[in-house]
Amino acid sequence: MAKAHQKIQELSWEPQYHEPVAQYGTDYTFEKSQKKDPLKQVLRSYFPMQEEKDHRVYGASDGAIRGNMFRQVQERWLEWQKLFLSIIPLPEVSAARAMPLLFRTVPNPELHNGQAIQMIDEVRHSTIQQNLKRLYMNNYIDPAGFNNSLRNFHNDYCGTIGRQFAEGFITGDAITAASIYLTIVAETAFTNTLFVAMPAEAAANGDYLLPTVFHSVQSDESRHISNGYATLLMALADEGNHQLLERDLRYAWWNNHRVVDAAIGTFIEYGTKDRRKDRESYAEMWRRWIYDDYYRSYLVPLEKYGLVIPHDLIEEAWNQIWNKGYVHEVAQFFATGWLANYWRIDPMTDTDFEWFEYKYPGWYDKYGKWWENYNRLSTPNGHHPIVAENVDYVYPHRCWTCMVPCLVREDMVIDEIDGQVRTYCHEMCRWTDVEAFRPTYQGRSTPNMGKLIGNREWETLYHGWNWADVVSDMGYVRDDGKTMVAQPHLNLDDPKKMWTLDHLRKMGPVLSPNVILNEMTPEERVAFKADYNRQGPAGRPAPVDA
Amino acid sequence: MTTGRDLPKPHFTDAEAGAQEFPDSTARRFNYYTPQKRKQTHYEDVTVEVQPDPRHYLAQGWLYGFSDGRGGYPLDWTALKAWGSDRPEPKRYPGSGGKGYDWPATGWHEFRDPNEEWELTFYRYNSNVVRQLNQNIDAARQSKAFEQWNRNWVTFVERHLGAWMHVDHGLGLYLFANANRRAPTNMHNNAISVNSMHRIRAAQDLALYNLTLSEEVPDFDGAAHIETWNSDPAWQGVRKVAEQLTGIDDWCEAIFAANVIFEPLVGELFRSGLVQQAAPRNGDFVTPTVIGAEEYDYAERDLRYTTAMFVLLTNDREFADHNKALLQQWLSTWVPRAIDAARTLQPIWSQPDSKPPRFEDGLDRAKSRFSGILSDLGLETPKELAQ
Numbered sequence: 096m097a098k099a100h101q102k103i104q105e106l107s108w109e110p111q112y113h114e115p116v117a118q119y120g121t122d123y124t125f126e127k128s129q130k131k132d133p134l135k136q137v138l139r140s141y142f143p144m145q146e147e148k149d150h151r152v153y154g155a156s157d158g159a160i161r162g163n164m165f166r167q168v169q170e171r172w173l174e175w176q177k178l179f180l181s182i183i184p185l186p187e188v189s190a191a192r193a194m195p196l197l198f199r200t201v202p203n204p205e206l207h208n209g210q211a212i213q214m215i216d217e218v219r220h221s222t223i224q225q226n227l228k229r230l231y232m233n234n235y236i237d238p239a240g241f242n243n244s245l246r247n248f249h250n251d252y253c254g255t256i257g258r259q260f261a262e263g264f265i266t267g268d269a270i271t272a273a274s275i276y277l278t279i280v281a282e283t284a285f286t287n288t289l290f291v292a293m294p295a296e297a298a299a300n301g302d303y304l305l306p307t308v309f310h311s312v313q314s315d316e317s318r319h320i321s322n323g324y325a326t327l328l329m330a331l332a333d334e335g336n337h338q339l340l341e342r343d344l345r346y347a348w349w350n351n352h353r354v355v356d357a358a359i360g361t362f363i364e365y366g367t368k369d370r371r372k373d374r375e376s377y378a379e380m381w382r383r384w385i386y387d388d389y390y391r392s393y394l395v396p397l398e399k400y401g402l403v404i405p406h407d408l409i410e411e412a413w414n415q416i417w418n419k420g421y422v423h424e425v426a427q428f429f430a431t432g433w434l435a436n437y438w439r440i441d442p443m444t445d446t447d448f449e450w451f452e453y454k455y456p457g458w459y460d461k462y463g464k465w466w467e468n469y470n471r472l473s474t475p476n477g478h479h480p481i482v483a484e485n486v487d488y489v490y491p492h493r494c495w496t497c498m499v500p501c502l503v504r505e506d507m508v509i510d511e512i513d514g515q516v517r518t519y520c521h522e523m524c525r526w527t528d529v530e531a532f533r534p535t536y537q538g539r540s541t542p543n544m545g546k547l548i549g550n551r552e553w554e555t556l557y558h559g560w561n562w563a564d565v566v567s568d569m570g571y572v573r574d575d576g577k578t579m580v581a582q583p584h585l586n587l588d589d590p591k592k593m594w595t596l597d598h599l600r601k602m603g604p605v606l607s608p609n610v611i612l613n614e615m616t617p618e619e620r621v622a623f624k625a626d627y628n629r630q631g632p633a634g635r636p637a638p639v640d641a
Numbered sequence: 029m030t031t032g033r034d035l036p037k038p039h040f041t042d043a044e045a046g047a048q049e050f051p052d053s054t055a056r057r058f059n060y061y062t063p064q065k066r067k068q069t070h071y072e073d074v075t076v077e078v079q080p081d082p083r084h085y086l087a088q089g090w091l092y093g094f095s096d097g098r099g100g101y102p103l104d105w106t107a108l109k110a111w112g113s114d115r116p117e118p119k120r121y122p123g124s125g126g127k128g129y130d131w132p133a134t135g136w137h138e139f140r141d142p143n144e145e146w147e148l149t150f151y152r153y154n155s156n157v158v159r160q161l162n163q164n165i166d167a168a169r170q171s172k173a174f175e176q177w178n179r180n181w182v183t184f185v186e187r188h189l190g191a192w193m194h195v196d197h198g199l200g201l202y203l204f205a206n207a208n209r210r211a212p213t214n215m216h217n218n219a220i221s222v223n224s225m226h227r228i229r230a231a232q233d234l235a236l237y238n239l240t241l242s243e244e245v246p247d248f249d250g251a252a253h254i255e256t257w258n259s260d261p262a263w264q265g266v267r268k269v270a271e272q273l274t275g276i277d278d279w280c281e282a283i284f285a286a287n288v289i290f291e292p293l294v295g296e297l298f299r300s301g302l303v304q305q306a307a308p309r310n311g312d313f314v315t316p317t318v319i320g321a322e323e324y325d326y327a328e329r330d331l332r333y334t335t336a337m338f339v340l341l342t343n344d345r346e347f348a349d350h351n352k353a354l355l356q357q358w359l360s361t362w363v364p365r366a367i368d369a370a371r372t373l374q375p376i377w378s379q380p381d382s383k384p385p386r387f388e389d390g391l392d393r394a395k396s397r398f399s400g401i402l403s404d405l406g407l408e409t410p411k412e413l414a415q
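Listed in order, the protein sequences are those of chains A and B.
Following this note's numbering, the numbering of the first sequence begins with 96 at its first residue and continues without gaps.
Following this note's numbering, the numbering of the second sequence begins with 29 at its first residue and continues without gaps.
See the structure below:
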């Protein structure tokens, strides 16, 4: 095989007559030098290897159906898969689309073979995951939410949180996107929680297909990590890149933390029925997979090559998860807004409370009461969905950058940029929008840096709308034309327990926090911010001054 | 029983399909797209709509852009148009709601790869190819088949067959893999990425075959293909046009020029018109099986999706004329380049001891095949073909 790999190196050639098209730019500079293909993969062995992996995956799929796996699957778990499996095929295929960004910008043809193999791996991941979702839709009790999966993902605010983990790979500065954000941070750090920690939780909830598919996927990811590493070492060789590397590592780390920890943390902590005391919490998994394996074993050793490691942000991400309840705040928000989603969210029980208190001491004092209210309000009984009831929860503003709401209230910052007053969940997200994603960075021209675009606040699109019209507009309605896809409980046996558009019709309109913020006078905004920063935890209103 | 181990316990939840009846309990198909035929296919289910479009469902639009503020997959990355392309993206603003145009919003979403490629089909197909090739080459080695080759044929294979691997590799990476970032739907980009891997695999098939020959055939110069590709005048026409193909910005033009023009007029001419014909006459029954795999990739798979892709555009209900005019222009530009490349390659027809059919006859057959492809697409044979 070594000889075969050596031989295929002869395939590379430099153009003599016409240059290949240059469609993507970077502000990084690379010295052209002889490099080694980090993947060392020859297609003669690659295809049969992947086919064998497929045999195992599809064999397990057959086994799951024949063995009636769905008689043992926890609905609480599978419901969250409606969100996860609507998101993940796009990041996968976007990683495939990202590979050409590196062809011209990293001028070492030896690396391109590995990038092409990564491209087709990612097509594999995207379609194998779509196939898993299709299997769930066909065999799980409640197909709603799987059956309109990709429409849902494209028009739901949760989709915008997930899409950063895809669009960030394929736009902007080619190296920032396809190398630092995609391979150095997303794949090397966060696929551990996505594809290793989460499948373990699936198995504990009776679902052994998710581990089958995602471990197969992860076996490819480990090869992709070497693609990123090779490019990173080349970038480090030029001192002029160090400032950009520092910027991109800070942005990519923080954004991945905000987005991935929000979603996967919620799935693992609030989507499980496994409340054994010695099963790892998300915080414990994070400490192992991300802090120890990624940060200490992978990133820190790169410091000697001149890479400026964002030690402060690694610690701050941990601080958010451990001290500021980031995952709990996000899960609470998802549950607050259950009616704008396309899956059912099971209330927490005493067993869950006990486990949370054991793993996160002080949890009950912060979140317990609210989850009791969620349980109380979960079936329609003359009241509104929880978002419109008084449960000591202030509907949050949205972060302009990561699009997760500003849930750790004390960290919320405001800035006025491009003619608009924006809220950010943390100073780092403000920095990302106002400083990093700009054509100059610390006085240096960065003409290739990308831009944050789009209508970044879901609520704004529906400002002034009745909730029933919002849910109809998004299409989250079942085939009787009135029962909602989403429900704040798992009961399917009694139609009276299921929320319908008629219930929503009685609610007040959706109001966009950002529209209201921009209508305030500067003085009102100062007061608003001061109040917001005093809110929480668990979204509680600011304490009334004595 | 082992003590001290705390394991998750199975619970019977009865969460399988059909356990209860309720709204949507039988709604078990993806409802966000319209299938091409009556029934949704497995291929469509795993492919369609994975890549979003702000014209229909993507309510908040693309979130990350290039430095010019454009995100996603701009339609004007090709000059060709599918119906609906000229309608502006739906405007979203405070209180606008999230709805766009009804699905599919543009004709681009009507494309389906007739090969129905997704990961399962793709790995099966390519694994079969590499396994069969390995077996063919092994069998030939064990039966000492290479000993039958005459010296001139050995030279032909080491130089000219070897040179073709560079075409495959260059187009596979810098044209096809490159184009997988450019098209507006997942169906296009997946088909293009599969095409890319066919070419890269074919390049490696030739390189590894070359390695075997270096080990099996005395005096076989395993590096001669590099020199041939770099400086043999007969190959410089092919090289020029291959490089020029990788320089195309418009993704449709790139696929069209490569698969509709270059492949029939140069690729098939070389593979089927020369190598396949000359090899058996010179005692070689192995090379045709190697090059035949690539020929099948192109003729039965890659041309098939390409034809389906462009037939939609030449029959588009809104832009058929616009598209045909542009495709005719591309024909006028690329046909002469391909014909030049083919003619520059002509001297190698005379190099084997036992001669293949005449170059002109091969070129005539290639032109006739090419005209047939154009006719399938509803395009006219350009006058430049007469060159």
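Backbone N, C-alpha and C define an ideal beta-carbon position, used for all residues, glycine too.
- When C-beta atoms of the stretch 226-242 of chain A are compared with those of the stretch 46-58 of chain B, three or more pairs fall below 8 Å, so the two segments count as touching.
- Residue pairing from DSSP places residue 561/A in a beta bridge opposite 604/A.
- Residue 115/B counts as exposed, since fewer than 16 other beta carbons sit within 10 angstroms of its beta carbon.
- Interface annotation, residue 380/A: not in contact with chain B, CB-CB separation never under 8 Å.
- Taking 7 Å as the upper bound on Cβ-Cβ separation, chain A lies near no residue of the stretch 287-315 of chain B.
- In summary, the residues of the stretch 128-146 of chain B whose CB is separated from some CB of chain A by less than 7 Å are 146, in the order they occur in the chain.
- For residue 228/A, the three-state secondary structure derived from DSSP is helix.
- Rounded to whole angstroms, the Cβ separation of residue 101/B and residue 219/B is 15 Å, and the two are not in contact under 8 Å.
- Look at the stretch 188-257 of chain A and you find these whole runs of alpha helix (DSSP H), each 4 residues long or longer: 196-200, 204-234 and 244-250.
- Residues of chain A with a Cβ closer than 9 Å to the Cβ of residue 284/B do not exist; the shortest Cβ-Cβ separation is about 15 Å.
- Per DSSP, the continuous alpha helix (DSSP H) segment holding residue 421/A begins and ends at 421-431.
- Residue 235/B counts as buried, since no fewer than 16 other beta carbons sit within 10 angstroms of its beta carbon.
- DSSP places residue 148/A in the helix class (H, G or I) of the three-state scheme.
- Under a criterion of Cβ atoms nearer than 8 Å, the residues of chain B adjacent to residue 211/A are, in order, 200, 201, 205, 224, 225 and 228.
- Secondary structure of residue 321/A (DSSP, three-state): helix.
- Taking C-beta atoms as the reference points, residue 222/B and residue 188/A fail to come closer than 8 Å.
- Look at residue 422/A: its C-beta is not under 8 Å from any C-beta on chain B.
- The beta carbon of residue 321/B sits closer than 8 Å to the beta carbons of 157, 160, 161, 230 and 233 from its chain, once the five residues preceding and following it are set aside; these are given in chain order.
- Counting only runs of 4+ residues, the alpha helix (DSSP H) found wholly inside the stretch 52-94 of chain B occupies 70-75, in chain order.
- Closer than 8 Å to the CB of residue 275/B there is at least one CB belonging to chain A.
- Counted as a single uninterrupted DSSP element, the stretch harbouring residue 509/A is not any alpha helix (DSSP H) but the beta strand (DSSP E) occupying residues 508-512.
- In its chain, beyond the 5 residues on either side, 630, 634 and 636 have a beta carbon closer than 7 Å to the beta carbon of residue 489/A.
- The stretch 129-136 of chain B and the stretch 134-143 of chain A do not touch, with fewer than 3 CB-CB distances between them shorter than 8 Å.
- Under the Cβ distance rule, residue 212/B does not count among the residues neighbouring chain A, no pair being separated by less than 8 Å.
- Judged by DSSP in its simplified three-state form, residue 540/A adopts strand.
- By the CB criterion at 8 Å, residue 541/A and residue 122/A fall inside the cutoff.
- Taking a contact as a CB-CB distance under 8 Å, the pair residue 343/A and residue 276/A counts as one, their CB atoms being some 7 Å apart.
- With a 10 Å radius around the Cβ and a threshold of 16 neighbouring Cβ atoms, residue 337/B comes out buried.
- When DSSP assignments are scanned along the stretch 181-219 of chain B, the uninterrupted stretches of alpha helix (DSSP H) that are 4 or more residues long and fall wholly within it turn out to be 190-199.
- 8 Å or more divides the Cβ of residue 41/B from the Cβ of residue 439/A.
- Residue pairing by DSSP places residue 493/A opposite 500/A in a beta bridge.
- Contacts with chain A at 8 Å (Cβ-Cβ) include residue 99/B.
- From the beta-carbon of residue 578/A, the residues of chain B found nearer than 9 Å are 50, 51 and 52.
- For residue 518/A, there is no enclosing alpha helix (DSSP H); the residue is found in the beta strand (DSSP E) stretching over 515-519.
- Comparing C-alpha distances from residue 126/B to each of 87/B, 113/B and 225/B shows the shortest one belongs to 87/B.
- Any Cβ of chain B closer than 8 Å to the Cβ of residue 115/A would place that residue at the interface, and such an atom is present.
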